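Report on the structure given below.
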Amino acid sequence: MFIAIYELHPRPGHEEAFAAAWAAFTRAIFQFCGSRGSRLHTQVGAAATSSSVQGSEAGSEGGPLPMIAYAQWPDRATWERAGSEDPDFIAARNAMFELLTSSRTLYELETHTDLLMRATHDAGQAPARGDAMTASVLYRDPHAAIAWLTRVFGFNTRLIVPDADGGVQHSELVLGSAVLFVGGGSKGETPHADHTLCIWVKDPDAHYRRAVAEGAHIVQELRDEHYGARGYVATDLEGHSFYFSDYVPGDHWTEPGTQ
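Sequential numbering from -8 applies to the sequence shown in the numbering used here.
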């Protein structure tokens, strides 16, 4: 993982407007450039007090302190080529920079060891990337479907996992914050349904026990997957397919177009 840390100087009195513009531009970078998101920080504590008293490049003595942005990328190459000619991307970029007096890149970092805990999971909340519910759609020709979805609807391909026959075992496409799973059965055959609703749950075992106790029809028993998730597939009273698991979309993303 590649990390870029920025020092940002909003126009005095426009800090909140800048934060809103920064958020819009960050979403645009996520959608069009393949970033893994960013955090915007204000300075607090002893370091901020010291900087304010002594004065520095951050601002004159007693002046407003800069904000610090922490941005994650799958790798340096994706960060270096980030950009888009899409009008929405350009508008978001310009809106943010109009509210800055200056900015600079403080650090360019490669991750050595990652022990960051994702509090959203500990709290039993929805995953940070995408929604807690994702649609999975199966096609006879998933390669053609992915090409069509990206060309016609503007999805970006973030992950493709091929199967042994050259088809698509699993893929993840994004459009804004929405995530769509696309796949196909071996040699064009689709399994129990042509679409599945994928629901994130904190405790798949407890959820499975409840579903079984209430008489749900289990299509795929609870199991550990090779990609690290645990879950099961069941159908509802009219045959709609649901996959309940602790899988978080984006856990295996690398960069747009990766296969």
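Every residue, glycine too, gets a C-beta built ideally from N, C-alpha and C. Computed from a predicted model, the values in this text were never measured in an experiment.
Subject >> Where residue 23 falls: helix, strand or coil (DSSP) >> reply: Looking up residue 23 in the sequence shown gives position 32. Helix at residue 23.
Original post:
Cβ atoms of residue 188 and residue 140: under 9 Å apart, would you say?
Top reply: On the sequence shown, residue 140 is found 149 positions in, with the first residue counted as 1. On the sequence shown, residue 188 is found 197 positions in, with the first residue counted as 1. Result no, Cβ atoms of residue 140 and residue 188 do not sit closer than 9 Å.
**OP:** Tell me residue 235's beta-bridge partners as DSSP assigns them.
**Re:** The residue labelled residue 235 in the question sits at position 244 within the sequence shown. Its beta-bridge partners are 190, 223.
**OP:** Taking residue 215 as part of the beta strand (DSSP E), name the residues at either end of that continuous run.
**Re:** Indexing the sequence shown from 1 puts residue 215 at position 224. That run of the beta strand (DSSP E) goes 208 to 215.
Original post:
Do you know whose CA, among 0, 218, 200, 215, lies nearest residue 90's CA?
Top reply: For this step, residue 90 is matched to residue 99 along the sequence shown. That would be 0, whose Cα lies nearest to the Cα of residue 90.
Original post:
With respect to the beta strand (DSSP E) encompassing residue 240, which residues constitute its N-terminal and C-terminal limits?
Top reply: Within the sequence shown, numbered from 1, the residue matching residue 240 stands at position 249. Premise fails: residue 240 is in no beta strand (DSSP E) and is neither H nor E.
Subject >> Spatial neighbours of residue 23 in its chain, beta-carbon cut-off 7 Å, leaving aside the 5 residues before and after >> reply: In the sequence shown, residue 23 corresponds to position 32, counting from 1. Only 75, 77, 80 meet the Cβ criterion.
Original post:
Excluding sequence positions up to five away, which residues of its chain have a Cβ less than 6 Å from the Cβ of residue 72?
Top reply: What you label residue 72 is simply residue 81 of the sequence shown in a count that begins at 1. Excluding sequence neighbours, residue 72 sits near nothing in its chain.
**OP:** Run through the region 143 to 176 for me and flag every whole beta strand (DSSP E) of 3 or more residues, listed as ranges in chain order.
**Re:** 147 to 153, 159 to 166, 169 to 174
Original post:
From 149, 166, 169, 173, pick the residue whose C-alpha is nearest to that of residue 160; which is it?
Top reply: Within the sequence shown, numbered from 1, the residue matching residue 160 stands at position 169. Minimum Cα distance to residue 160 is reached at 173.
Subject >> Cβ-based neighbour list, residue 32, same chain, cut-off 6 Å, excluding 5 preceding and 5 following >> reply: Stepping through the sequence shown from its first residue, residue 32 is reached at position 41. For residue 32, where only same-chain residues beyond five positions count, the Cβ hits under 6 Å are 59.
Original post:
Does DSSP classify residue -8 as helix, strand or coil?
Top reply: Mapped onto the sequence shown, residue -8 falls at position 1. Looking at residue -8 - three-state DSSP - the assignment turns out to be coil, as it is neither helix nor strand.
**OP:** Can you give me the Cβ contacts of residue 133 inside the same chain, cut-off strictly under 8 Å, excluding the 5 residues immediately before and after it?
**Re:** Position 142 of the sequence shown, counted from the start, is the residue given in the question as residue 133. Excluding residues within five positions, the ones whose Cβ falls inside 8 Å are 158, 159, 162, 173, 174, 175.
Subject >> Nearest-angstrom Cα separation, counted from residue 191 out to residue 202 >> reply: Numbered from its first residue, the sequence shown carries residue 202 at position 211. Numbered from its first residue, the sequence shown carries residue 191 at position 200. About 15 Å.
**OP:** Closer than 7 Å by C-beta to residue 146: which residues in its own chain qualify, once you throw out the five before and the five after it? Chain order, please.
**Re:** Taking the sequence shown and counting its residues from 1, the one referred to as residue 146 is at position 155. 140, 164, 165, 166, 171, listed in sequence order.
Original post:
Do you know how far the Cα of residue 30 is from the Cα of residue 216?
Top reply: The residue given as residue 216 occupies position 225 in the sequence shown. The residue given as residue 30 occupies position 39 in the sequence shown. Taking the straight line from one Cα to the other gives about 31 Å.
**OP:** Put residue 252 into one of helix, strand or coil per three-state DSSP.
**Re:** Limits of the chain in this structure are -8 at one end and 250 at the other, which puts residue 252 out of reach.
Subject >> DSSP-derived helix/strand/coil call for residue -2 >> reply: Mapped onto the sequence shown, residue -2 falls at position 7. Three-state result, residue -2: strand.
Original post:
In the DSSP assignment, what residue or residues form a beta bridge with residue 129?
Top reply: Working through the sequence shown from its first residue, we reach residue 129 at position 138. Note: residue 129 sits in a beta bridge opposite 174.
Subject >> Beta-ladder partner(s) of residue 69, from DSSP >> reply: In the sequence shown, counting from the first residue as 1, residue 69 sits at position 78. DSSP, once it has assigned bridges, lists no residue as partnering residue 69.
**OP:** Under 6 Å Cβ to Cβ from residue 102, same chain only, skipping five residues before and after it: list those, please.
**Re:** Counting from one through the sequence shown, the residue named residue 102 turns up at place 111. Taken in chain order, the residues that qualify are -8.
**OP:** Let me know if residue 209 comes out buried or exposed under the rule of 16 or more other beta-carbons within 10 Å of its beta-carbon.
**Re:** Position 218 of the sequence shown, counting from 1, holds the residue named residue 209. Exposed.
Original post:
If we call anything under 9 Å between Cβ atoms a contact, is residue 239 one with residue 232?
Top reply: Taking the first residue of the sequence shown as position 1, residue 239 is located at position 248. Taking the first residue of the sequence shown as position 1, residue 232 is located at position 241. No. Outside cutoff.
Original post:
With residue 95 and residue 6 assumed to form a contact (beta carbons below 8 Å), what rounded beta-carbon distance in angstroms separates them?
Top reply: Mapped onto the sequence shown, residue 95 falls at position 104. Mapped onto the sequence shown, residue 6 falls at position 15. At roughly 18 Å, the Cβ-Cβ gap does not stay under 8 Å, so residue 95 and residue 6 are not in contact.
Original post:
For the beta strand (DSSP E) that residue 32 lies in, which residues bound it at each end?
Top reply: For this step, residue 32 is matched to residue 41 along the sequence shown. Note, residue 32: beta strand (DSSP E), 29 to 32.
**OP:** May I ask whether a heavy atom of the ligand HEM can be found less than 8 Å away from the beta carbon of residue 85?
**Re:** Ligands are entirely absent from the displayed structure, and the ligand HEM is therefore not among its contents.
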